[in-house]
Structure formats: C-alpha cells, structure tokens
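K.L.:
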Amino acid sequence: MTMEIFAFFVFAFIAIVASVIVIGQGNPMYSVMSLIGSFGALAGLYVLLDAPFTAVTQIIIYAGAIMVLFLFVVMLLNVPREEPLPPSPIVKILGPTGVKLGALLSALFAAEIVWALSRIGTGSFAEGQAESLSSVRNIGRALFTEHAFAFEATSVLILVAMVGAVVLARKEH
Amino acid sequence: MHGPGRLARIEDAGWGALMLEWLLSWVTPLNVHLVLIVIIFNMLVLSAAFMVWMERKVCAYIQDRVGPNRVGVEGVLQPFADVIKLLMKEELRPKAADALLFVIAPVISATAAFAAFSVVPFGTELSLFGLLDQPIPLQVTDVNVAVLVIFAITSMGVYGIVLAGWSSNSKYSLLGGIRSSAQMISYELSYGLALAAVVMLAGSLSLREIVLNQSGTWFGFIPRWYVFLQPLGFLIYMTAGVAETNRAPFDFPEAEQELVAGYHTEYSSMSFALFFLAEYVNMVTVSAVAVSLYLGGWLGPILPDWLAWIWFLVKVFLLLFFYVWMRWTLPRYRYDQLMEFGWKWLLPVATLNLIATAALVLWME
Chain L
2 MTMEIFAFFV FAFIAIVASV IVIGQGNPMY SVMSLIGSFG ALAGLYVLLD APFTAVTQII
62 IYAGAIMVLF LFVVMLLNVP REEPLPPSPI VKILGPTGVK LGALLSALFA AEIVWALSRI
122 GTGSFAEGQA ESLSSVRNIG RALFTEHAFA FEATSVLILV AMVGAVVLAR KEH
Chain Z
4 MHGPGRLARI EDAGWGALML EWLLSWVTPL NVHLVLIVII FNMLVLSAAF MVWMERKVCA
64 YIQDRVGPNR VGVEGVLQPF ADVIKLLMKE ELRPKAADAL LFVIAPVISA TAAFAAFSVV
124 PFGTELSLFG LLDQPIPLQV TDVNVAVLVI FAITSMGVYG IVLAGWSSNS KYSLLGGIRS
184 SAQMISYELS YGLALAAVVM LAGSLSLREI VLNQSGTWFG FIPRWYVFLQ PLGFLIYMTA
244 GVAETNRAPF DFPEAEQELV AGYHTEYSSM SFALFFLAEY VNMVTVSAVA VSLYLGGWLG
304 PILPDWLAWI WFLVKVFLLL FFYVWMRWTL PRYRYDQLME FGWKWLLPVA TLNLIATAAL
364 VLWME
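Protein chains in written order, with my numbering: chain L, 2 to 174; chain Z, 4 to 368.
1. What is the DSSP secondary structure of Z:E282, reduced to helix, strand or coil?
2. When the Cα of Z:V106 is compared with those of Z:D85, Z:S271 and Z:S193, which residue comes out closest?
3. For Z:A155 and chain L, any beta-carbon pair shorter than 8 Å?
4. Between Z:I239, Z:A63 and Z:I213, which has its C-alpha nearest Z:W331's C-alpha?
5. Compute the distance between the beta-carbons of Z:F255 and Z:G244, then report whether it is under 8 Å.
6. Is it buried or exposed for L:V177, if we count other Cβ within 10 angstroms and need 16 for buried?
7. Return the CA-CA distance between Z:N147 and L:G141, expressed in angstroms with no decimal places.
8. What does Z:I188 touch in chain L if you count any residue whose Cβ is under 7 Å from its own?
9. Just the chain B side, please: which residues come within less than 7 Å of L:V57 by C-beta, in chain order?
10. Taking only beta carbons into account, state which residues of the stretch 19-36 of chain L come closer than 9 Å to chain Z, listed in chain order.
11. How big is the Cα-Cα spacing for L:A131 and L:A108?
12. Show which residues of chain L have a CB atom less than 9 Å away from the CB atom of Z:S184.
13. Can you tell me whether Z:W29 is helix, strand or coil according to DSSP?
14. Please confirm whether Z:H267 and Z:I139 have their CB atoms less than 8 Å apart.
15. As a quick exercise: from Z:F125, Z:W56 and Z:G17, pick the residue whose alpha carbon is nearest that of Z:I43.
16. Indicate the three-state DSSP secondary structure (helix, strand or coil) for L:I159 in the structure shown.
17. Please state the DSSP three-state secondary structure of Z:W221.
18. Quick check: is the beta carbon of Z:M22 nearer than 8 Å to any beta carbon in chain L?
19. List the residues of chain L that Z:W169 touches, going by C-beta distances under 9 Å, in chain order.
20. Contact between the stretch 115-129 of chain Z and the stretch 6-20 of chain L is defined here as three or more beta-carbon pairs at a separation below 8 Å; is this criterion met?
21. What's the gap between the Cα of Z:A246 and the Cα of Z:W348?
22. Between the Cα of Z:A51 and those of Z:T144, Z:R211 and Z:V86, spot the shortest distance and give me the residue it belongs to.
23. Under 8 Å, with one C-beta from each stretch per pair, do the stretch 272-291 of chain Z and the stretch 313-326 of chain Z reach the 3-pair mark?
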C-alpha cells in the first residue's frame, strides 16, 4: 500500500466519521466542530488529487469563514442540547408506515450511489483533469474567460446579499 | 552518492571510516528535513521565550525600571522559570465548563500558530557543504500556494479563541472570545487584500519565489524590496497583523479593566501557557511573513549564502522589537474605534491599494 492510498483512507475515514457525528449527536457545538473536521479531511483529499489551490480555498472559505458564522450563531443562541422534536402530524398520520417509507428511500438512495459508482471508469480523471486544475493561473484564466458570465452573476448575487444584510441590520432613525 | 561504490573506494577502511560511512548514510534529504522540522519547532518555542524576556526588559526600560534580573544573566532565564512555575500549578476547570472543548481550545490555538510557520522560507538552499546530492531549501515545505496556506491557517486560529470563550461558561470569557474573534475576522479582510497586492507584483503565491523576486537593487544601492513598491501595503499588513495577533493597541482580549483576561480568564497552568505561547509564536510568524513579503526575506549584503538566514533573523528581530515598542507606547483603542478603523479606513485603503497595484502591474507589462 503506497503512502498516498494510506493517506486517502485516513482522510476518507475522518471525513465520513466526522459527517456522521455532525448529524448523529445532540450538541450543536460538537456538530459544528465535526463539520469543520470533515472539511479539513476533504481538503486533505483535494491535496491528494493534486489540487492544492482547491484544498486551501476549501479551508479559507468553508472552514475559516462560513463555519465561524455558524459557530457564532450556535454560541449566541446558547442551545445546550437539541431537544427531540414533538412528533409531527405527518408521523402521526403515517405512523410506522413513515419509517418504512424512509427505509425504502434510503435503500433506493444507496442503490443509486452503488450504480453510479460502478459506472465510473478508474484512473482517467486524475491524469486528464487535475493537471489543468492544479495551477492557480489556469483557474484564474478559466474563471475570467470561459466562465466569465457565471463569475459575474455570482458577484452580483453576493453584492445583493450584502446590500440586503446592510439594509436589514441598519436601524431606522 | 551513497552507492555501493563508496565503501569500495575507501580501501582498507578502518573502523573509523566505516563509522563515518554509516553516519553519512543517514544524511538523506528526508532525514535532514525531519531534523529541520525539529529545529524550527524548537526555535519557535525558544523565540517565544526570548520574546517574553525581551518584552519585559524593554517594557521595564521604557518605564524606567530594571525588569527581571535575578534568573540568569540579566534575567534571560526568567521565561524558563515562568514555564516551570506554570507547569507546577494546578490545572483548574470550571464545573460548568464543556470539558472536551475546554481542553481542545488551547491546543487548536497553539497548533494553528506553529503550523503557519511551516511555509516560511528563512534561507537559501542548503546542501550541507556538498553532503547532499540535491540541496534542500531552508523551510519545512515549499508549497506553491504558500500565501494562501498562511491565510487559511490564520483563519483557523480563530476557533481556539471562540471555543475557549464559549466552553469556559463564564461571561468574561464569552465576551472576550466574541470580541477578539470579531476583531480577527474584521482585520483578516485587510490582511488578505494587502497580501493579494504583493502576490500581484510577484506573480507567484510561493513565498520562496516572492523573496527571490526581491533580489537585486535599484540605482545600485536601494534593495528591490516590495516595501518600497508597497509602502501603504506594508503599513496595512502590519496594522492588520497586530490586530490579528490581538496585541496592543488592539489587545481587547486582555482589556483587563473590563474583561478580566478575556477568553483565557478561566484557564490556568499549562493550558494557559499554550495560549501564551500561541500569542508569541503568532507574532513571530506575522513578522517572518512580513519580512518575506516586504523586506526581502533572507536577502542581504556581505554574508555568504549559507549564512543568509542571519539576515532573516535580524529583520524578524527588528520587527518584533517594533511590536514590543508599540505595545508600551500606545494606549489601547476603544472597541468601537477599533471596528470603525478596521471597516471604514483600513479596508477601503487596502482595496484602493489593491486596485492601484493592479493598474501598476498592467502598466508595467
């Protein structure tokens, strides 16, 4: 087993376990922290795919910026534990059938993933795509030429969100 | 170099020669790298200890006192005495604290502080006087997105402070934690914009390449350092750097009159020492990055290549001295002044600096 495959299994294991912890336990603070751990492991996987830029942006944007926001919200609301929700009307109506429906859906979903994964060829991606994606220069060029419209549209979207936030936060005198 | 021919060449090799050969076989790039990592780690810890001593000495002289002078010559061993004292203290934890996060928070702080230094180059490539086939660079790793790595790791340092503030379950800690994280997030923007301007000039994200781009002189005597092309950027970087490291005049977590000791109020013993260490290592890292980005890194006259790291140390020391000097000269800002300064002055100026630099780079092409 080469070093890279070993590292892949370590990162993949951390990512999956951390994601399970995010939804599996009741303390929202721990959920936020494990989500950050999961993002870190994903960044490690990107490095293994020879895309260091993607890895670093993953950490800066998701782990560094967005999760701080999450943490602030959780912290200031100071929810010590998530209370289990009272049974919703849907559960009351469907009863145990709802559970069966959920089980069926998740089985379908699992089958879908297995089917999709079985159709992917191996080895072709790393050589073809990663080469062009790894360089910051190439990413910049692609963003401002090929994907210029998407890039500008996203900028406008973020600007609108920013203006909206300022309007909401501002007190009327 | 370590091929089988080596032993055959030394005919009738005695035990001494065999021992030497065996020792030399250990000098591989990987081992040298590992040794380098250990050296850098210990240098950082020692530099933090040295900073504590320097801070107390300089502060004492500024206030017309003598400062620590009992432990060792002129008190140089004082930080070690302090560390031993801290280790002996009882590790206290508030009853209502969140046990896991309370323990993890100082570890996150210290880890982030140390990790950021891993991409900083502090010397030319080293071949150990020809012992190595391929010279290895004097830095832990030369990644091609180094500037972004530093930015990413600094942004992870916020978690240590936020978690410490929250998990202590005390009002002073929570307020201190929120304050300093809000401050760090606000100044990170200007910090990033100042970095971006240098990256534009250098056309590279690798710190080693950025340093090498600054070699040579203008008119034969002015070194081609980016500080002369980016005077405003340098000021923005240093201001944001001081705010990022929570140092005076932006030392709100330690605003003792209002917050006791901020996010680390409830910490004692070694976990307090970790926060302390993280703060000083962060200062060293911010200064070292400033030296690499604006002051030509290890480049300097007179010294031969293999001693160039001395220039690096001298420059970092001068910036660190400036840090201490500033702390004991300027009074603390008020919190709203700090936020106003960050968002209404520093950020617009940093944006203008970035646009002006972009125009300059385009015009030069």
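For each residue, glycine too, the CB sits at the ideal point set by N, CA and C.
P.N.:
Taking the definition as stated:
1. helix
2. Z:S271
3. yes
4. Z:A63
5. no
6. Nothing about residue 177 of chain L can be read from this structure; chain L reaches only from 2 to 174.
7. 15 Å
8. V69
9. Reference to chain B is not applicable here, since the protein chains of this structure are L and Z.
10. N28, M30, Y31 and M34
11. For L:A131, the predicted structure reports a pLDDT of 48, less than 50, and the residue's modelled location is therefore unreliable. A value from the coordinates is still provided. Their backbone Cα atoms lie some 33 Å apart in a straight line.
12. V69, L72 and F73
13. coil
14. no
15. Z:F125
16. helix
17. strand
18. no
19. M30, L72, V75, M76 and N79
20. no
21. 14 Å
22. Z:V86
23. yes
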